[in-house]
Structure formats: structure tokens, C-alpha cells
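K.L.:
Keeping their order, the protein sequence lines are chains F and W.
So the first sequence is numbered by my numbering: it starts at 1 and just counts up by one.
So the second sequence is numbered by my numbering: it starts at 1001 and just counts up by one.
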Amino acid sequence: MFGILVLFLLQFVNVKVLVGGLTGSAALWSLNLIDVFAYLESFSASRVFTKEAFFAVVAVSALYLIFGRAFCGWVCPMDFLYEMVDKAKKRGASAFEKVSAKIPPGTGYVIAAFLLFVSWLLGVPFFSNYVSHLTNFFRAVTGVVSLGLGLPVDRDVVIYSVSVILFLLLFEFFFPRLWCRALCPVGKVYGLFNKVSLLRLGFVEGRQCGECMLCDQTCYMKVKIAMHVDKSSLRDTNCIYCGRCAEGCETKGRLIKFKLWR
Amino acid sequence: MSVSGGLVLTSGLLVPDRSVLHAAKEEFEGPLPDIDIGGIIRPPGALPEKEFRARCVSCGACVNACHVMKYDAIAVSGLKDLTNFGTPYIKDMRDFPCALCMECPPLCPTGALKPLPKEKVSMGTALIDFSLCFGWNGDVCLSCSKACPLGATVFDFYNGEWGNQPYINEGCVGCGLCVKYCPIGGSAIKVVTKKKYDSLKGSYKAGFKSLLSMKSEERYNIVYGQNLPKIMERGRLVEREYR
Ligand code: SF4
Ligand code: SF4
Ligand code: SF4
Ligand code: SF4
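(1) Please list, following the chain, all residues that have a C-beta closer than 6 Å to any non-hydrogen atom of ligand 4.
(2) Give the range of the alpha helix (DSSP H) segment to which Pro185 of chain F is assigned.
(3) Looking at the C-beta of Asn238 of chain F, does it have a partner C-beta in chain W at a distance below 8 Å?
(4) With a cut-off of 8 Å, do at least 3 Cβ pairs link the stretch 150 to 164 of chain F to the stretch 70 to 85 of chain F?
(5) Using a strict less-than 6 Å threshold between each residue's beta carbon and the heavy atoms of ligand 3, what residues do you get?
(6) Just reading off the beta strand (DSSP E) that Ala27 of chain F is part of, what are its end residues?
(7) Three-state secondary structure (DSSP) at Phe43 of chain F?
(8) Anything in the stretch 1109 to 1134 of chain W with a Cβ closer than 7 Å to a Cβ of chain F? List those residues in chain order, please.
(9) Quick check: what's the CA-CA separation for Asp35 of chain F versus Cys1062 of chain W?
(10) Tell me the residue span of the alpha helix (DSSP H) that contains Leu10 of chain F.
(11) Taking C-beta to C-beta, are Val1154 of chain W and Asn1169 of chain W nearer than 8 Å?
(12) If you count every other CB in all the chains shown that lies within 10 Å of the CB of Asn1064 of chain W, and 16 or more means buried, which is it?
(13) Determine, using beta carbons only, whether Tyr109 of chain F and Arg177 of chain F come nearer to each other than 8 Å.
(14) List the residues that DSSP assigns as beta-bridge partners of Ala1126 of chain W.
(15) Within the continuous alpha helix (DSSP H) that includes Tyr109 of chain F, where are the two ends?
(16) In the DSSP output, what is Gly20 of chain F paired with across the bridge?
(17) So, does the stretch 204 to 216 of chain F touch the stretch 112 to 131 of chain F, judging by three or more C-beta pairs under 8 Å?
(18) Reducing DSSP to helix, strand and coil, say where Asp156 of chain F ends up.
(19) Just the C-alpha distance for Leu169 of chain F and Glu247 of chain F, rounded to the nearest angstrom, thanks.
(20) Is Glu1103 of chain W near ligand 1, judged by its Cβ being under 7 Å from some heavy atom?
(21) Using a threshold of 8 Å, state whether the C-beta atoms of Cys1172 of chain W and Thr1125 of chain W are closer than that.
(22) Could you check the C-alpha separation between Gly1160 of chain W and Cys1066 of chain W for me, to the nearest Å?
(23) Going by DSSP, what residues sit across from Pro1088 of chain W in a beta bridge?
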């Protein structure tokens, strides 16, 4: 899961594989890519159709029509950072976690719609410019590298971006995965791809489920898995295809499987 | 955020603050101190300001593309200008001008930057401070015209008894390479936005005309009485360190 982030880091030693960040980038110096929510914001703010942006979003959509919300489990830097926070933290549910469990996953759609409205109102892609974890993560990394090399950089941007990321990590400490599960508009949009993507969760036919519920417990996105084992596949908008449930299952991966295509 | 001795605190790390060290080397006031640059100078190919702002999602592809090209001209705008926060701009033309390599516009995923030929770029317009330029004060230099990627189409030359006098015409696209290679301490050239240029071109051109038609004696007094002392003071930095 490190792979893509490392490819992005190569740009600081002048390698042209992936240039930019996860809000938008260029692959191999030629293929433009833009995050789907960032595209929607840019479109809503400018109210004009741009073919450059359209091609960029088509390329990304094609990718996630195959892999669904795998973006969150395999590409997004926050998943990686959150995992470290989760590991550093002692187990045991706190009062905060109970609150966070009550917030429904649908909240993210309301947030996404509200942000698109704000962008339209201000004529500025608001979330992507100011708040986005993706923008701020890459801005922080670029900023720190630039400061180190003595390149022109506005220091307050670096401080701001580092603070946003630190804030999100603190938030994760108190409300584990609340951001990913219920709030993040980027993830919610990729979640919609789960409904039609080629990749989905599948269950091996004829294999017995012991109803130990280990899968539901390991899933930090709180997807209800066990109750679907008699169906051929599961398309939950919150599934990020991390594969924990398959590993957690008492059959050790023999019941729950990734299903691609068929 | 400065701690001491040119160190800054960045996410808990003490990093040598080279921009401070650098600023110490270039301690001179910039050219045309009474004229501000009139806003924000965008990377080449940027749409008109409002449309640019509506499209740019701060992805940083242009910033990083410029770094990969080793020009490092593009920085990200800070909190002093909240409406433009997080968007790319050309921060420091004295050391990191845009080289008009034109690699960034095609990489912009939102179309906020559009590919176009270099001659059509319109980032700004360069103005020469005639009171600082070697060429207007009895010397030969023309470093600016040699550095300019558009060269002779942008420069008019008025050679005469007062020196090799360069004038930058309206073909200038505002990349700032001339700003960097001007050997005067603090540079004798300033790039202002196109909008700013439109508002002050009347007075700038009038000043230029009156300089051309000035009587020898009067010119002599200005050059020897005012300009040369100013230039000599800054000229110590002729051997500045290029980055
Ligand atoms: S044209 Fe080249 S040098 Fe100029 S801003 Fe773009 S990448 Fe940088
Ligand atoms: S590449 Fe385009 S969208 Fe991205 S920061 Fe630069 S101008 Fe903005
Ligand atoms: S005159 Fe200066 S700013 Fe204008 S195009 Fe030439 S080098 Fe660039
Ligand atoms: S480089 Fe500077 S001093 Fe030399 S001619 Fe140009 S403006 Fe004048």
C-alpha cells in the first residue's frame, strides 16, 4: 500500500513518474489525473465544462470502476497514517468511540453536497483548496522538502498544512475512523463506485460460516459482512477492500474473497 | 517562526533557513520601490484570474512539475491573501524566475493552466528602473536582453552617448528571467501584473520619453548626482551567487 505514495515521493528527486498529489497529478508526464470529488468541486465552482479536466476525471473513474473504493484502503495516505495512530493507541472503547459509532455513514453525502454548494457559491473549490487531507498532505510534504532545499515557499502554508494533518491524526485518536467512515467527501464519492465496480467482496459457495462475527469486528469501516455470507457478493459503499475481514475470518481467508470480474 | 541564527522550526525539526541567509546577501531595496506588483503572478498559461481561481484545486501538479524541471519557480500562496490561499504563484523572480519551459500547463489536470506558445504567455510585464540600470547610466550591460527567452522581439535598444540603453516593450510576457540576471544589487527590473501595467503605462512611457529627450547637462546631473551613487552602492553585489 506504500507503493503509490513512494512513486509520488520520487518527484522530489526529479523523477517524472507521478507528479503532483492525490487531488490531481500527471502520470508519466503525460496522463492527467484528477480526484473525482476535486473535479466535481472545480466544475461546480467554475460552472464550465473543461475537456482537460474531463479527460483527467474519466481516467481516474475508469480506474475506480475496476477497483471501487480501494482508493481508501490502498492509496490514501490517511489510511496509512491512521493505522499508525490506531496501533499506537491502547485498545478499549472510550466514551468518544460510542459517540462516533452513532454518526451514520450517510453524513458524508450531506457534507459532500454542502461542500459542492459552497464551491458554487464562492466560485472557489473550497474543500480541495483549504481543507482537503489529500491537498494538505502533499502540500505539507512539498513544503517541508522545499524549506529544506531553500526553495521559495510561503512558510505559513507549510505550517497550516502540517497542522491540518496533525489535527486529523488527533481526531483519529479520539474518534477512530469516523473521518473515513462517515465524513470524508472524497471517500464517499469513491464509495459510490463500489455499487458498480468490478472488484467486490465475494463469499466461497458451500463453505460454512461459523457466525463468530470476527469479520464484522475486524472491519474498522463497520461494514456488516457476516449477515451477507449467503449472497454471492457484497457491495457496501463503505468497504475499502483492505482485506482485514478475510484475514480475520475464522476460516482464515477461505470464506471471504475478493471478487474481480466474475 | 524564526528561532535564531537562521534556523526555523518546521514540524518540530530545526532546518537551516536558507531564504534568510539568502536575504542577507541581497539586502538592497528592489527596483521601482513606489510601484507594487499589482496582485499575484501566476504560472504561464493561467486563465484570467477569476476563472483560474474557480478551477485550480491546489493539487500542486504545476508546483512539483516546476521542481522536477529544476526551475522551482512556483510556490504556493500563503495566508496573507486568503482568497488566493493555496494556489500557485511565482514568488521570487530574483532567484527563481519562470524559464518558460512550458512544461507545467499541459500537466494541469483542471485546465486552470492552458498550454500555449511562449510568446502568448501573459504573466506580467517587466519594467526597467532607469535610475538603476547600467545601460541608462553610461555603461554597457544588456544582460537582461541576453537572458530573455524572447530576446530581440521584446527589447528595443536606444544606443547613445549615455550607454547601451535597453527598453522592454509590450511583447514581454513577464517570466522574470531578466530580473534574475540583472547584475545590479536587488535587480534593476521589476515584473508587474498585466493589469498593473495597463494602469501605469501612461506615466511609465512618459518618463521614458522625457529621459530620451532630456538635455545633456540635466542628464549629466541626474546620472552623476543621483543614479551612479545609488548604483555604486548596490554594485558591490555584482558577483552574486546564482542558484
Ligand atoms: S513554464 Fe517551466 S519554469 Fe515556468 S513555471 Fe512552468 S514549469 Fe516552471
Ligand atoms: S496544476 Fe492546475 S489545478 Fe493543480 S495547482 Fe497547478 S494550476 Fe492549480
Ligand atoms: S523581458 Fe524579462 S520578463 Fe519579459 S519576457 Fe523577457 S526575460 Fe521575461
Ligand atoms: S541587466 Fe539590468 S543593468 Fe543590465 S541592461 Fe538590463 S536592466 Fe540594465
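For glycine and all other residues, C-beta sits at the position ideal for the given N, C-alpha and C.
Quick caveat: nothing in here was measured; it's all calculated off a predicted structure.
P.N.:
Reading off the structure:
(1) W:Ile1128, W:Cys1133, W:Phe1134, W:Gly1135, W:Cys1141, W:Leu1142, W:Ser1143, W:Cys1144, W:Pro1166, W:Cys1182, W:Ile1184, W:Ala1188 and W:Ile1189
(2) Here residue 185 of chain F refers to the residue found at position 185 of the first sequence. Element bounds for Pro185 of chain F: Pro185 to Phe193.
(3) Working through the first sequence from its first residue, we reach residue 238 of chain F at position 238. No - not a single Cβ of chain W is within 8 Å of the one on Asn238 of chain F.
(4) no
(5) W:Ala1126, W:Ala1147, W:Cys1148, W:Leu1150, W:Val1154, W:Ile1168, W:Cys1172, W:Val1173, W:Gly1174, W:Cys1175, W:Gly1176, W:Leu1177, W:Cys1178 and W:Val1191
(6) Within the first sequence, residue 27 of chain F is the residue found at index 27, counting from 1. From DSSP, the beta strand (DSSP E) with Ala27 of chain F extends over Gly24 to Ala27.
(7) Along the first sequence, read from residue 1 onward, the residue named residue 43 of chain F stands at position 43. The answer is helix: DSSP assigns Phe43 of chain F an H, G or I state.
(8) Pro1109, Thr1110 and Gly1111
(9) The residue you call residue 35 of chain F lines up with position 35 of the first sequence. The residue you call residue 1062 of chain W lines up with position 62 of the second sequence. Looking at the two C-alpha atoms, the distance is approximately 16 Å.
(10) Within the first sequence, residue 10 of chain F is the residue found at index 10, counting from 1. Counting along the chain, Leu10 of chain F falls outside any alpha helix (DSSP H), and DSSP gives it neither H nor E.
(11) Sequence index remark: in the second sequence, residue 1154 of chain W carries index 154 (1-based). Sequence index remark: in the second sequence, residue 1169 of chain W carries index 169 (1-based). For Val1154 of chain W and Asn1169 of chain W, yes; Cβs fall inside 8 Å.
(12) By 1-based counting over the second sequence, the position of residue 1064 of chain W is 64. Result: buried.
(13) Residue mapping note: residue 109 of chain F aligns to position 109 of the first sequence, counting from 1. Residue mapping note: residue 177 of chain F aligns to position 177 of the first sequence, counting from 1. No.
(14) One-based indexing of the second sequence puts residue 1126 of chain W at position 126. W:Val1191, per the DSSP bridge assignment.
(15) If you number the first sequence from 1, residue 109 of chain F lands on position 109. From DSSP, the alpha helix (DSSP H) with Tyr109 of chain F extends over Thr107 to Leu122.
(16) On the first sequence, position 20 is the one that residue 20 of chain F refers to. BP columns for Gly20 of chain F point to F:Ser25.
(17) no
(18) Your numbering for residue 156 of chain F matches position 156 in the first sequence. Helix.
(19) Here residue 169 of chain F refers to the residue found at position 169 of the first sequence. Here residue 247 of chain F refers to the residue found at position 247 of the first sequence. About 26 Å.
(20) Counted from its first residue, the second sequence places residue 1103 of chain W at position 103. Yes, since a heavy atom of ligand 1 falls inside the 7 Å radius drawn around the Cβ of Glu1103 of chain W.
(21) Your numbering for residue 1172 of chain W matches position 172 in the second sequence. Your numbering for residue 1125 of chain W matches position 125 in the second sequence. Result yes, Cβ atoms of Cys1172 of chain W and Thr1125 of chain W sit closer than 8 Å.
(22) Position 160 of the second sequence, counted from the first residue, corresponds to residue 1160 of chain W. Position 66 of the second sequence, counted from the first residue, corresponds to residue 1066 of chain W. Roughly 40 Å separates the two Cα atoms.
(23) Here residue 1088 of chain W refers to the residue found at position 88 of the second sequence. In DSSP, Pro1088 of chain W forms a bridge with W:Val1076.
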